[in-house]
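Chains as they are written, first to last, in the numbering used here: chain D, 1 to 228; chain S, 229 to 456.
C-beta: ideal position from N, C-alpha, C; glycine also.
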DNA sequence: ACCTGAACACCGTTCAAGT
DNA sequence: ACCTGAACACCGTTCAAGT
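Below, the structure is given as structure tokens:
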């Protein structure tokens with residue numbers, strides 16, 4: 001098996017790496033679900049004693065932070081500056097949600113913990129801020145817009161990670177409106193070939209961007225008296 | 229202290245109740261944070277051995293489910309049927325978020341776990357469905373609208389539970405746009421006397437309801453050729 | 001510097017033994 | 001029926017001892 005045939009003392013060459021630990025953690029998370037990221041689990045997979053990890057990693061929180069960086073590296077900010085702000089936001093939110101959806105077990109793990117100010121994360125925010133500021137958004141509104149959109153993305157990712165039958169009126173009597181809405185949606189989902197959480201995500205995203213566009217248009221109109 | 233002066237054997241009258249356990253769990257959660265809901269922690273607070281809880285509760289998941297019911301009982305569906313659908317949704321979302329915000333440590337705990345189909349929760353969904361259906365929303369859209377709004381509410385609650393300095397460009401160089409957006413928002417927050425997460429929530433909620441109202445108006449217009 | 005091995009202080013849960 | 005007490009199978013983390 002993976003029993004450590006290694007005896008005590010420093011090995012001739014290092015077996016572990018910080019990067020190797022993080023990658024293994026993410027892989028186990030995907031393969032085995034939320035409890036796959038345990039120190040002992042990772043150690044066993046790497047053929048090593050749990051305590052060995054502490055030579056490369058500060059502890060469990062450090063590992064989770066590393067996994068988060070791996071996942072959020074997939075967030076796409078390339079639209080800002082080249083596309084209209086609302087399309088750039090759309091691409092950003094979509095890739096944000098897809099990054100987490102690609103690793104469902106990480107969502108519950110990562111969404112909950114506050115992200116310590118990582119350099120790469122902060123750089124991502126800087127790029128989004130730049131895009132919105134250049135597009136003409138009032139600077140004091142920028143972070144509020146970002147955070148509200150981000151809240152939706154994370155909430156939608158959580159919904160995606162939940163089991164499909166979570167929202168279900170069941171078989172019994174009662175709940176007539178819930179039930180009829182449920183079957184009507186099921187039919188809709190089948191004909192469109194999309195998941196319930198996927199449709200809710202796209203709907204919410206479109207709705208938010210439509211609302212933001214309306215606010216933006218009103219701001220522009222108020223600033224340019226010509227249109228009045 | 230709270231050392232159990234009780235000796236073995238069945239007590240003359242029951243010390244525990246399912247309800248008492250749930251209430252204690254919620255209180256400890258509020259007082260001590262996320263790890264307050266541990267079986268051993270609750271048992272100590274109640275002056276009882278951990279194993280005693282298992283006479284009234286199936287286990288930890290059962291307790292968390294009970295806490296969720298306590299919290300989500302505060303969700304207000306009274307607007308449906310009496311207010312316009314968008315105002316009823318606004319009241320619902322606001323109370324939904326406030327219910328969790330009143331117990332910050334529960335957010336991370338509850339948002340992550342799929343809610344097993346509780347009767348009271350399902351009844352809540354039934355009321356919201358009824359309100360939207362009666363207002364004239366296409367029945368196959370109803371659940372999608374609810375879920376997308378709910379995703380935002382939960383995401384915003386998560387954001388609320390996170391530490392305030394989570395999003396912070398820091399002191400160093402670089403990140404100029406992030407930094408200037410940050411100080412501009414800080415000034416805005418101070419003059420309006422509101423928290424960052426509070427403003428993001430209200431902004432997102434307004435934006436979503438504006439977007440939904442636009443979609444609804446378009447649906448109504450498409451159905452009544454008179455306006456064409 | 002980087003591993004093993006033992007130990008520590010925790011968990012949730014089960015179950016026989018008591019009354 | 002409902003509690004105690006002991007036990008079980010887990011955690012993450014620390015640290016001396018090895019090479």
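**Report entry** Which listed residue (443(S), 244(S), 431(S)) has its alpha carbon closest to that of residue 206(D)
**Finding:** Looking at the Cα atoms, 443(S) is the closest of the given residues.
Query raised in the report: In three-state DSSP terms, what is residue 395(S)?
Result: DSSP places residue 395(S) in the coil class of the three-state scheme, outside both helix and strand.
Report task. Spell out a yes or no on whether the stretch 284-291 of chain S and the stretch 326-333 of chain S are touching, meaning 3 or more CB-CB pairs, one atom from each, closer than 8 angstroms. Result -> Taking 8 angstroms as the limit for Cβ pairs, the verdict is that the stretch 326-333 of chain S does not touch the stretch 284-291 of chain S.
Query raised in the report: Is residue 311(S) helix, strand or coil by DSSP?
Result: In the structure shown, the three-state DSSP call for residue 311(S) is strand.
Query - Contacts around residue 257(S), its chain only, beta-carbon distance under 8 angstroms, and the 5 residues preceding and following it disregarded - result: Here residue 257(S) has 264, 265, 295, 331, 333, 334, 337 as same chain residues with Cβ atoms under 8 angstroms from its own Cβ, once five neighbours each way along the sequence are excluded.
**Report entry** Pairwise C-alpha distance: residue 274(S) and residue 75(D)
**Finding:** Answer to the nearest angstrom: the Cα atoms are 47 angstroms apart.
**Report entry** chain S within 8 angstroms of residue 77(D), Cβ atoms only
**Finding:** Taking Cβ atoms only, chain S never reaches closer than 8 angstroms to residue 77(D), which makes this a no.
Report task. May I ask which residues mark the beginning and end of the alpha helix (DSSP H) holding residue 371(S)? Result -> Residue range 367-389 is occupied by the alpha helix (DSSP H) that includes residue 371(S).
Query - Length of the line joining the Cα atoms of residue 399(S) and residue 392(S) - result: Here the alpha carbons of residue 392(S) and residue 399(S) stand approximately 16 angstroms from one another.
Query raised in the report: Hey, does residue 228(D) have any beta-carbon neighbour from chain S nearer than 8 angstroms?
Result: Bear in mind that the predicted position of residue 228(D) carries a pLDDT of just 47, short of 50, making it too unreliable to give a figure here.
Requested in this report: Kindly list the residues whose CB is nearer than 6 angstroms to the CB of residue 232(S), restricted to its own chain and excluding five residues on each side of it in sequence; keep chain order.
Outcome: For residue 232(S), the pLDDT reaches just 47, beneath the cut-off of 50, and the residue's location in the model is therefore unreliable, although a value from the coordinates is still provided. Excluding sequence neighbours, residue 232(S) sits near 275.
Query raised in the report: So is residue 90(D) in contact with chain S if we call contact Cβ pairs under 8 angstroms?
Result: With 8 angstroms as the cut-off, residue 90(D) does not count as an interface residue toward chain S.
Query raised in the report: Looking only at C-alpha atoms, which of 405(S), 422(S), 375(S) sits nearest to residue 200(D)?
Result: For residue 200(D), the closest alpha carbon among the candidates 405(S), 422(S), 375(S) is that of 375(S).
Query raised in the report: Would you call residue 351(S) buried or exposed, if buried means 16 or more other Cβ atoms sit within 10 Å of its Cβ?
Result: Exposed is the call here.
Query - Rounded distance between the beta-carbons of residue 382(S) and residue 339(S), thought under 8 angstroms - result: Right, the Cβ-Cβ distance comes to about 5 angstroms (below 8 angstroms), so this counts as a contact.
Query - Buried/exposed call for residue 61(D), threshold 16 Cβ in 10 Å - result: Around the beta-carbon of residue 61(D), fewer than 16 other beta-carbon atoms lie within 10 Å, marking it exposed.
Query raised in the report: For residue 355(S), which residues from the same chain have a beta carbon less than 6 angstroms from its beta carbon, with the 5 sequence-adjacent residues on both sides left out?
Result: Scanning its chain for C-beta atoms nearer than 6 angstroms, with the 5 sequence neighbours on each side dropped, one finds around residue 355(S) the residues 305, 308, in chain order.
Query raised in the report: What are the boundary residues of the alpha helix (DSSP H) that includes residue 243(S)?
Result: Residue 243(S): not part of any alpha helix (DSSP H); DSSP gives it neither H nor E.
Report task. For the alpha helix (DSSP H) containing residue 217(D), list its first residue and its last residue. Result -> Start and end: 196-223.
Requested in this report: Verify whether the separation of the beta carbon atoms of residue 432(S) and residue 152(D) is less than 8 angstroms.
Outcome: In contact: residue 432(S) and residue 152(D) (Cβ atoms closer than 8 angstroms).
Query raised in the report: Under 8 angstroms Cβ-Cβ, which residues of chain D neighbour residue 396(S)?
Result: Annotation: Cβ neighbours of residue 396(S) in chain D (cutoff 8 angstroms, chain order): 117.
Report task. Name, please, each residue of chain D whose Cβ falls closer than 8 angstroms to the Cβ of residue 353(S). Result -> Correct list: 167, 169, 175, 178.
Requested in this report: Give the straight-line distance between the Cα atoms of residue 412(S) and residue 420(S), rounded to the nearest whole angstrom.
Outcome: The straight-line gap from Cα to Cα measures roughly 13 angstroms.
Query raised in the report: What residues in its chain sit with their C-beta under 7 angstroms from that of residue 95(D), if we drop five residues either side in the sequence?
Result: Closer than 7 angstroms at the Cβ level, and outside the excluded window around residue 95(D), lie 74, 75, 76.
Query - Neighbouring residues, chain S, relative to residue 144(D) (Cβ below 7 angstroms) - result: Near residue 144(D) (Cβ distances below 7 angstroms), the residues of chain S are 413, 427, 428, 431.
Query raised in the report: Does any residue of chain D bring its CB to less than 8 angstroms from the CB of residue 247(S)?
Result: Taking Cβ atoms only, chain D never reaches closer than 8 angstroms to residue 247(S), which makes this a no.
Query raised in the report: Relative to the alpha-carbon of residue 370(S), which residue among 405(S), 353(S), 259(S) has its alpha-carbon at the smallest distance?
Result: Looking from the CA of residue 370(S), the closest CA among 405(S), 353(S), 259(S) belongs to 353(S).
Report task. Run down chain D in chain order and give the residues with a C-beta less than 9 angstroms from the C-beta of residue 418(S). Result -> Going along chain D, no residue has its Cβ under 9 angstroms from residue 418(S), so there is no contact; the nearest lies around 11 angstroms.
Query raised in the report: Alpha carbon to alpha carbon, how far is residue 129(D) from residue 158(D)?
Result: If I take the Cα positions, the gap works out to 25 angstroms.
Query raised in the report: Can you list, in chain order, the residues of the stretch 207-228 of chain D whose Cβ is nearer than 8 angstroms to any Cβ on chain S?
Result: Taking 8 angstroms as the Cβ-Cβ cut-off against chain S, the residues of the stretch 207-228 of chain D that qualify are 207, 208, 209, 210, 211, 212, 214, 215.
Query - Same chain, Cβ closer than 8 angstroms to residue 208(D), neighbours up to 5 away in sequence not counted - result: Around residue 208(D): 148, 149, 152.
Requested in this report: Check residue 7(D) in the structure and name its three-state DSSP category.
Outcome: In the structure shown, residue 7(D) sits in coil (DSSP, three-state: anything other than H, G, I, E or B).
Query - Endpoints, alpha helix (DSSP H) assigned at residue 54(D) - result: Segment: none, residue 54(D) is in no alpha helix (DSSP H) and carries neither H nor E.
Query raised in the report: Counting only beta-carbon atoms, is residue 229(S) nearer than 8 angstroms to chain D?
Result: Confidence at residue 229(S) is low in this model, with a pLDDT of 41, below 50, so its placement is unreliable and the value that follows should be read with caution. No, residue 229(S) does not count as interfacial toward chain D.
Requested in this report: Output, in sequence order along the chain, the residues in the stretch 55-71 of chain D whose CB is closer than 9 angstroms to any CB in chain S.
Outcome: Residues passing the 9 angstroms Cβ filter: none.
**Report entry** Chain-order list of residues whose beta-carbon lies under 8 angstroms from that of residue 15(D) (same chain, five-residue window excluded)
**Finding:** If we look at residue 15(D) and ignore the five residues flanking it on each side, its Cβ neighbours are 6, 46, 47, 48, 52.
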